[in-house]
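Below is one structure; the comments refer to it alone.
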Amino acid sequence: MNNALDPTAEGRLSEHAVKGIALFNRGEYFEAHEELEHAWKEEPRPARELYRGILQIAVTYLQITRRNYVGAIKMFARARRWLAPLPDACRGVNVAALRNDAAAARAALEALGAERIDEFDVSQLNPVRVVN
559 MNNALDPTAE GRLSEHAVKG IALFNRGEYF EAHEELEHAW KEEPRPAREL YRGILQIAVT
619 YLQITRRNYV GAIKMFARAR RWLAPLPDAC RGVNVAALRN DAAAARAALE ALGAERIDEF
679 DVSQLNPVRV VN
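As numbered in our numbering, residues 559 to 690 make up the sequence shown, in order.
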């Protein structure tokens, strides 16, 4: 979705979301999940789906680092569901890049398959891009 006028795109990231994204970007996916879960639960507005989407990507990447192919594929689908309806930029997060990065990671994972998940190059797990 590319709708710059979408009201969910306005505003700032919550404190928990900022912490969660910083953890995500350091590859601390479990800890990122915890912070983003707080952000998601505390956000009453529709923008909470942004936090849920990033949270789901964090869990996806955690599953990849734990070599859980089935779990990662399942979480990719969940994350996609939450990120798809969001505008390309929301609360300063480049959602379009996040969607594209996740899709590329999923394609790389699927190309390897469960049998070769150990060969997955974790450098393909890109950070969340935030524009100030």
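Backbone N, C-alpha and C fix where the C-beta goes; we use that ideal spot for every residue, glycine too.
Pair within 8 Å by beta-carbon distance, residue i and residue j
i: threonine 623; j: alanine 637; result: no
i: isoleucine 579; j: arginine 625; result: no
i: alanine 605; j: glycine 629; result: no
i: tyrosine 609; j: alanine 575; result: yes
i: histidine 591; j: leucine 620; result: yes
i: glutamate 673; j: tryptophan 640; result: no
Residue i: CB within 7 Å of a non-hydrogen atom of the ligand SAH
i: leucine 670; result: Absent from the structure shown: the ligand SAH. Ligands present: none.
Through-space distance from residue j to residue i, alpha-carbon basis
i: leucine 667; j: glutamate 586; result: 20 Å
i: glutamate 573; j: proline 685; result: 18 Å
i: leucine 581; j: glutamate 593; result: 9 Å
i: leucine 563; j: glutamate 677; result: Here leucine 563 scores only 37 on pLDDT, less than 50, and its place in the model is too uncertain to base an answer on.
i: proline 643; j: phenylalanine 634; result: 15 Å
i: leucine 656; j: glutamate 589; result: 19 Å
i: asparagine 658; j: valine 680; result: 16 Å
i: aspartate 646; j: glycine 671; result: 30 Å
Same chain only: Cβ atoms within 7 Å of residue i, ignoring 5 sequence neighbours per side
i: valine 510; result: This structure leaves residue 510 out entirely; the chain is present only between 559 and 690.
i: glutamate 595; result: Leu613
i: asparagine 583; result: Pro685, Val686
Neighbourhood of residue i by C-beta, 6 Å cutoff - its chain only, sequence neighbours within 5 removed
i: isoleucine 615; result: Ala637, Ala660
i: glutamine 682; result: Ala663, Ala666
Spatial neighbours of residue i in its chain, beta-carbon cut-off 8 Å, leaving aside the 5 residues before and after
i: glycine 611; result: Ala637, Trp640, Leu641, Leu644, Val653, Leu656
(Q) Which runs of the alpha helix (DSSP H) at least 4 residues long sit entirely within the segment 605-636? Give them in chain order. (A) 606-623
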